[in-house]
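Trainee: Submitted below is the structure of interest, expressed as structure tokens.
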Amino acid sequence: MFWLKYISLAVLVVQNASLILSIRYVRTLPGDRFFTTSAVVMAEVLKVLTCLLIILLQRKCKCPFMLLNTVLKDTLKMSVPSLIYTLQNNLQYVAISNLPAASFQVTYQLKILTTALFSVLMLRKSLSRVQWVSLLLLFAGVAIVQVCSFSCPLTCLLSPHLSPANYMVGLVAVVISCLSSGFAGVYFEKILKGSSASVWVRNVQLGIFGTALGMLGLWWNDGAAVAEHGFLFGYTNMVWCVIFNQAFGGLLVAVVVKYADNILKGFATSFSIIVSTVLSIYLFSFHVDLSLTRRIDLLLFDLLLICSTPPTNLHPNTENS
């Protein structure tokens, strides 16, 4: 499955970049705006249904009770990453509300470092000095790209409507979000690689909790509006494309975690930000600094460093959980 590792990473870059661009495009279209909370729920439902279909085709399971037993076994284990992902999403909302966009994007790249740290602590992975240096360089490179992309000088980090207190609230929120992202991702990787259950079964289990928590968020944020206008209010063909892309991304992340690891996933996600930034120049007349290409070269160099020597397990996990 060596080839699947790098193919899944390449597809993840394309998927993430296209999702960023399509969401930006669909939110700028005239007309009724769809509820983002309903789109999140719909993506989770599509992900669960797709995985159930794959499980049925793989196992040729004709008995619904056998399928139910397969899915529900060890399901509670997946409640941990689901709850943490929900916490992470809420913290991102707090951070974005209290930080300028450039500051949020820059600081959020810390999740790469937290993921590496949790991988060492929880999965007993060993990273070389070169890989640690490449992680630090990647964070610096992506941070510079984000600052240049928004053409935001340091003096505008504290906007007139943002007080220092608000800035600190946002900063704390994004740091905790990075920590939770790293922990949840590595925990999910440990479950996937330490169990005989397939990636599709784990996706169904994760999607069950994700759908339930998504419905709770929909009721809390847009319950009255959805009751008035309907669950599918504002949905167009383009919106459906975004939802299918988001659902596909959820499945793809699990495949990447299964056959690669969360550190490489973090690199791929960060690289997709740069890809979408470059494409925005041509698609949305986005202005960036001319030195962007040098930063991209730095990122590509970092990717070669981290991929050249895969992390190794100090104590391989042989337990089935």
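The opening position of the sequence shown corresponds to residue 151 in this note's numbering, with each subsequent residue numbered one higher. Ideal placement from N, C-alpha and C gives every residue a C-beta, glycine not left out. These figures come from a predicted structure and were not determined experimentally.
1) I'd like to check one pair, Val-407 with Lys-415: are the Cβ atoms closer than 8 Å?
2) Determine the direct distance from the alpha carbon of Leu-179 to that of Phe-359, and round the result to whole angstroms.
3) In its own chain, which residues sit with a C-beta less than 7 Å from the C-beta of Leu-154, not counting the 5 before and 5 after it?
4) For Leu-356, collect the residues of the same chain with a Cβ closer than 7 Å to its Cβ; drop the 5 residues on either side in sequence, then sort them by chain order.
5) If you measure between the beta carbons of Val-325 and Phe-268, is that distance less than 8 Å?
6) Using alpha carbons as the reference points, say which of Val-164, Tyr-156, Tyr-385, Asn-371 lies closest to Ile-423.
7) Using 8 Å as the cut-off, can you tell me whether the segment 168-178 makes contact with the segment 380-395, which would need three or more C-beta pairs spanning the two stretches below that distance?
8) Can the beta-carbon of Leu-241 be found closer than 8 Å to that of Ile-262?
9) Please state whether DSSP places Leu-179 in a helix, a strand or coil.
10) Straight-line CA distance for Leu-308 to Tyr-317?
11) If you count every other CB in all the chains shown that lies within 10 Å of the CB of Thr-339, and 16 or more means buried, which is it?
12) Can a CB atom of chain B be found closer than 8 Å to the CB of Thr-264?
13) Hey, Phe-381 and Ser-188: beta-carbon distance below 8 Å or not?
14) With H, G and I counted as helix, E and B as strand and the rest as coil, what does DSSP make of Gln-242?
15) Taking 7 Å as the cut-off, does the CB of Lys-261 come closer than this to any heavy atom belonging to the ligand SAM?
16) Taking just the CA atoms, how far does Val-403 sit from Ala-160?
17) Could you work out which residue in Ser-420, Asp-411, Thr-386 is closest to Arg-183 when comparing CA atoms only?
18) For the alpha helix (DSSP H) that contains Thr-361, what are its first and last residues?
Mentor: So, from the listed chains and residues:
1) Against a cut-off of 8 Å, the Cβ pair of Val-407 and Lys-415 comes out as a contact.
2) Their Cα atoms are separated by approximately 32 Å.
3) Excluding sequence positions up to five before and after Leu-154, its CB lies within less than 7 Å of the CB of Tyr-409, all in the same chain and listed in chain order.
4) Met-228, Pro-231, Ser-232, listed in sequence order.
5) Taking 8 Å as the Cβ cut-off, Val-325 and Phe-268 do not qualify as a contacting pair.
6) The shortest Cα separation from Ile-423 among Val-164, Tyr-156, Tyr-385, Asn-371 belongs to Val-164.
7) Enough Cβ pairs lie closer than 8 Å, so yes.
8) No, Cβ-Cβ distance for Leu-241 and Ile-262 is not below 8 Å.
9) Leu-179: coil per DSSP, three-state reduction.
10) The predicted position of Leu-308 is uncertain, since its pLDDT is 44 and thus under 50; no value can be drawn from it.
11) Just to set this straight, residue 339 is Glu in the shown sequence, not Thr. Residue environment analysis places Glu-339 among the buried positions, since at least 16 neighbouring C-beta atoms fall within 10 angstroms of its C-beta.
12) In the structure shown, chain B does not exist; there is a single protein chain.
13) Yes, the pair counts as a contact, with Cβ atoms nearer than the cut-off.
14) In the displayed model, Gln-242 falls within a helix according to three-state DSSP.
15) Ligands are entirely absent from the displayed structure, and the ligand SAM is therefore not among its contents.
16) Whole-angstrom Cα-Cα distance: 12 Å.
17) The shortest C-alpha separation from Arg-183 is found at Thr-386.
18) Annotation for Thr-361: the continuous alpha helix (DSSP H) segment containing it runs 349-379.
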